[in-house]
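Protein chains: 2
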Amino acid sequence: MSRFPFTILSFSALLAFFSGAWAKTRPPTPPADAPAAAAANAQPGPRHVPPRVIPVPGDVSKQLQAFIRMPYPPGVLSPPPKTAAEWGALNKRFAAEWTAPLADLRKQLHVSVEATEIAGVKAYLVTPRDLRPENVNRMLLHLHGGGYVFGGGEAATSEAIMMAGIGGYRVISVDYRMPPDFPFPAGLDDALTVWRSIAQTIDPRNMAVFGSSAGGGLALAMALKAKDEGLPLPAAVSAGTPWSDLDKIGDSYFANEYVDNMLVAWDGWLGGAARLYANGHDLKNPYLSPVYGNYKNFPPTILTTGTRDLFLSNTVRVHRALRRAGAEADLNVYEGMSHAQYAGPGMPEAREVFEDIARFFDARLGR
Amino acid sequence: MSRFPFTILSFSALLAFFSGAWAKTRPPTPPADAPAAAAANAQPGPRHVPPRVIPVPGDVSKQLQAFIRMPYPPGVLSPPPKTAAEWGALNKRFAAEWTAPLADLRKQLHVSVEATEIAGVKAYLVTPRDLRPENVNRMLLHLHGGGYVFGGGEAATSEAIMMAGIGGYRVISVDYRMPPDFPFPAGLDDALTVWRSIAQTIDPRNMAVFGSSAGGGLALAMALKAKDEGLPLPAAVSAGTPWSDLDKIGDSYFANEYVDNMLVAWDGWLGGAARLYANGHDLKNPYLSPVYGNYKNFPPTILTTGTRDLFLSNTVRVHRALRRAGAEADLNVYEGMSHAQYAGPGMPEAREVFEDIARFFDARLGR
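Chains as they are written, first to last, in this note's numbering: chain F, 2 to 368; chain G, 2 to 368.
Structure representation (structure tokens):
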């Protein structure tokens with residue numbers, strides 16, 4: 002199979018560009034063999050899990066099976082780049098790689114993309130050929146993934162193209178500024194600038210915000226900040242496997258470590274990206290780690306993740322935070338799926354994800 | 002901490018009565034050490050996961066942490082009993098153990114329990130002191146857990162007491178017949194017999210069916226069969242970590258193997274209970290493995306599981322089956338939780354689970 006090049010998915014996969022090999026750079030694991038694990042698990046304490054071989058599940062589509070079967074992205078656990086130049090070089094490579102297949106994707110889904118600028122912020126207007134009649138006065142705001150470091154430029158549009166093509170919505174995808182040059186809160190500021198601007202011409206009750214991974218975290222952070230500042234709120238939010246806790250806090254960072262074959266582990270580039278983006282700010286700041294936000298009166302939110310997702314806890318913790326605050330929240334967990342593996346219009350589960358989000362939006366957005 | 006004795010939880014824990022030690026009886030694991038795993042994961046194929054130590058998460062309640070910290074139930078991976086006498090002896094021990102704390106639980110939650118018989122089927126009428134005014138004309142039907150083999154008799158009432166006390170509902174808990182003497186479909190028949198009978202005096206639109214583990218599977222199977230037979234349907238269903246696929250099919254049977262500290266693995270007593278209950282019937286029969294059911298026009302259903310649950314896939318697969326059929330479904334996944342670990346009225350997450358179910362019912366049941 003060919004690895005479908007979907008920004009939110011493949012930026013880890015493409016860490017092939019890192020030079021270090023996995024075995025060489027993996028942090029040392031405890032020498033827990035099966036009998037040692039058995040002895041440890043006979044006592045109260047942390048869980049000792051013996052080495053295992055987890056088969057490719059047979060109860061998902063062939064296309065998803067192909068994703069589940071994929072090797073770890075080579076180099077994903079290498080130490081992150083150390084200098085701005087190293088980050089920049091890596092970003093350029095990813096951008097080129099992720100942008101290459103977009104022409105085909107646009108064609109397949111009958112979507113056109115136009116670069117624009119909104120209140121000084123770069124963005125893309127993503128328009129489906131088949132704009133659904135009920136969506137004529139609606140607009141979606143998209144925030145791309147890529148660990149807050151990668152996935153900008155035209156690459157930003159890949160998930161927006163999926164949503165526009167499958168859901169029949171017009172989408173504005175924000176090409177927000179990123180580190181090393183523009184760490185937190187530049188990206189969040191850009192998202193809010195665009196939101197403020199479009200909310201002056203389109204009724205915010207006819208709009209929703211969505212994104213996956215870092216884009217899911219940013220969608221939550223943006224809505225939290227809009228709420229705090231008394232701005233109009235979107236009618237709905239979709240946070241796909243949101244990076245809701247930048248720190249290595251959350252059980253699936255551990256339980257799904259080495260099980261998720263997209264992100265594989267927090268240690269490595271992921272923690273590096275967190276530190277680069279946060280730029281010294283407290284990782285518990287809810288605009289950085291929105292799981293710590295106040296969700297009272299938050300818009301209805303749909304959440305998507307997978308059973309093998311390193312961000313499973315990032316997702317379900319936000320779901321519970323929303324519920325505890327009395328907000329409407331709809332959680333969806335896909336069988337066998339690792340981080341943001343809902344990619345490719347030919348994968349039934351990918352279509353299902355975007356159709357579910359579209360249905361959720363349709364029931365909550367004004368016309 | 003004391004292990005709170007909640008039927009749906011502790012029947013595996015109490016397999017301490019088994020004599021075999023974990024290390025002695027564990028099926029052999031592949032000799033995958035870290036470098037071998039790294040090499041394997043550089044190729045497409047099954048996931049090779051190195052040995053790991055998963056810490057107790059700090060982002061859940063102290064009470065849940067205590068459950069997460071608990072050792073494996075000694076003997077949980079022993080070969081299952083071989084004869085009816087061995088199963089019977091084990092069942093008797095569990096029944097005694099699980100029944101012992103119920104008097105305290107009833108007192109704490111101000112719930113009274115009365116043994117009764119409905120259309121020839123043994124059952125318990127579970128009544129809260131504080132029956133909420135909106136629940137006066139409502140009734141819940143409860144089906145207990147215990148792998149279809151354990152948890153009968155008074156032990157059947159533990160989850161019903163939680164629901165009655167926290168939700169303020171009257172509950173009928175069915176003490177359905179079980180193997181070895183009464184394998185499938187005896188338990189399902191009993192559940193349906195009680196349902197048919199009470200639906201003659203209480204408006205089915207004022208009723209819901211709920212249960213966890215085997216009880217969650219049975220709740221789904223009962224509603225599926227009621228639908229197939231054109232019987233009146235309950236207004237809502239709650240399936241807590243339902244045993245929806247009796248076979249070892251579903252990714253979390255593998256990915257959460259040895260991570261879940263309640264069930265630990267399908268291999269061992271769990272698979273034995275499946276075979277004993279099925280009694281030669283095809284495990285893909287939807288009345289045995291309700292994940293294979295037809296959910297068109299199924300009642301609104303709330304589902305509950307945890308990130309470490311061996312039945313995470315059993316739960317999310319049903320959620321997707323419901324959605325794909327256009328049914329209303331609400332999925333809830335609790336951070337760090339293993340199978341049915343929502344126990345003990347003092348655990349905030351347990352209260353949250355039953356309050357969420359009560360809220361879901363309240364919005365859907367007639368009065």
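For every residue, glycine included, the Cβ atom is placed at its ideal position computed from N, Cα and C.
Note that this is a predicted model, so its numbers are computed, not measured.
Item	Value
Cβ-based contacts, 8 Å cut-off: residues of the stretch 46–58 of chain F near chain G	Gly-46, Pro-47, Arg-48, His-49, Val-50, Pro-51, Pro-52, Arg-53, Val-54, Ile-55, Pro-56, Val-57, Pro-58
Cβ-based neighbour list, G/Arg-371, same chain, cut-off 8 Å, excluding 5 preceding and 5 following	Not covered by the structure: residue 371 of chain G. The range shown for chain G is 2 to 368.
Where the beta strand (DSSP E) through F/Arg-325 begins and ends	Run containing F/Arg-325: none in the beta strand (DSSP E); it sits in the alpha helix (DSSP H), 313–325.
Sequence ranges, alpha helix (DSSP H) only - wholly within the stretch 72–135 of chain F, length at least 4	85–100, 103–110
Residue-level contact to chain F via CB, G/Leu-225, 8 Å cutoff	no
Residue of G/Thr-306, G/Leu-311, G/Ala-351, G/Arg-324 minimising C-alpha distance to G/Tyr-296	G/Arg-324
Other residues of its chain near G/Arg-70: CB distance less than 7 Å, five sequence neighbours each side excluded	Val-57
Where F/Gly-337 meets chain G, residues with beta-carbon distance less than 7 Å	Asp-252
Proximity to G/Gly-89 [Cα-Cα], best of G/Ala-37, G/Ala-120, G/Val-150	G/Val-150
Neighbour flag for G/Tyr-288 against chain F, beta carbons, 8 Å	no
Which of helix, strand or coil DSSP assigns to F/Met-164	helix
F/Ile-250 - containing alpha helix (DSSP H), residue span	Careful: F/Ile-250 lies outside any alpha helix (DSSP H) and carries neither H nor E.
Cβ-based burial, G/Val-137 [other Cβ within 10 Å; buried from 16]	exposed
Where G/Met-338 sits in the DSSP three-state scheme	coil
When F/Ala-96, F/Ala-237, F/Val-265, F/Asp-204 are compared against F/Gly-76, the one with the closest alpha-carbon	F/Val-265
Three-way DSSP call (helix, strand, coil) for F/Gly-273 in this model	helix
Cα-Cα separation between F/Phe-185 and F/Ser-239, rounded to whole angstroms	22 Å
Among F/Gly-188, F/Gly-153, F/Leu-106, F/Ala-200, nearest to F/Met-164 - alpha-carbon criterion	F/Leu-106
Burial state of F/Ser-113, where buried means 16 or more other Cβ atoms lie within 10 Å	exposed
Beta carbon of F/Ala-224 nearer than 8 Å to that of F/Gly-212	no
Residue from F/Ser-214, F/Lys-93, F/Pro-47 with nearest C-alpha to F/Ser-290	F/Ser-214
Closest Cα partner of G/Met-263 within the set G/Leu-65, G/Pro-346, G/Pro-82	G/Leu-65
Where F/Asp-357 falls: helix, strand or coil (DSSP)	helix
Interface flag, F/Phe-362 vs chain G, CB-CB below 8 Å	no
Every unbroken beta strand (DSSP E) inside the stretch 136–211 of chain F [3 residues or more]	140–144, 172–175
Closer than 7 Å: F/Gly-153 CB and nearest the ligand ATP heavy atom	With respect to the ligand ATP, the structure offers nothing, as it holds no ligand at all.
C-beta atoms of G/Ala-236 and G/Phe-361 nearer than 8 Å	no
Rounded distance between the beta-carbons of G/Asp-131 and G/Gly-188, thought under 8 Å	At roughly 31 Å, the Cβ-Cβ gap does not stay under 8 Å, so G/Gly-188 and G/Asp-131 are not in contact.
C-beta neighbour in chain F for G/Asn-298, strict 8 Å	no
Exposure of F/Lys-226, with buried meaning 16 or more beta-carbon neighbours within 10 Å	buried
Same chain only: Cβ atoms within 7 Å of F/Gly-367, ignoring 5 sequence neighbours per side	Asp-204, Arg-206, Asn-207, Ala-236
Coarse secondary structure for F/Val-292, derived from DSSP in three states	helix
Any C-beta of chain F under 8 Å from that of G/Phe-255	yes
Spatial distance of F/Arg-309 from G/Leu-277 (CA atoms)	31 Å
Environment of G/His-320 [buried if 16+ CB atoms lie within 10 Å]	buried
Backbone CA spacing between G/Glu-230 and F/Glu-356 [nearest angstrom]	32 Å
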